[in-house]
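> Residue numbers (our numbering): 221 to 296.
We put the CB at the ideal spot given by N, CA and C, even for glycine.
Would you mind keeping the following structure in view while I ask a few things?
Here it is, written out as structure tokens:
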């Protein structure tokens, strides 16, 4: 699926996802893949209306960012 493609490409570029032990990510920071879709926009297939879904970062993800010395961007 798409998440696998992202994982493979990021690892190939030398930037494996944190927590992705399959492709070389550091699992000491987070015990799952550090991959998150914050916002998704698409057109409804029937009405044509733009749909926007948002999913804030969970506490585990925010904690992993802090441990890595990364400040969570404003608005996320």
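1) When the distance is taken between beta carbons, is residue 253 closer than 9 Å to residue 275?
2) For residue 255, which option in 285, 267 and 266 has the closest C-alpha, if you only look at C-alpha atoms?
3) Please report the residue range of the alpha helix (DSSP H) in which residue 281 lies.
4) Could you check which residue in 291, 280, 293 and 295 has the C-alpha nearest to that of residue 248?
Here's the rundown:
1) Reading the chain shown from its first residue, position 55 is the one you call residue 275. Reading the chain shown from its first residue, position 33 is the one you call residue 253. No. Outside cutoff.
2) Within the chain shown, residue 255 is the residue found at index 35, counting from 1. The candidate whose alpha carbon is nearest that of residue 255 is 285.
3) Reading the chain shown from its first residue, position 61 is the one you call residue 281. It spans 279–287 - the alpha helix (DSSP H) in which residue 281 sits, taken as one unbroken run.
4) Reading the chain shown from its first residue, position 28 is the one you call residue 248. Checked all of 291, 280, 293 and 295; the closest Cα to residue 248 is 280.
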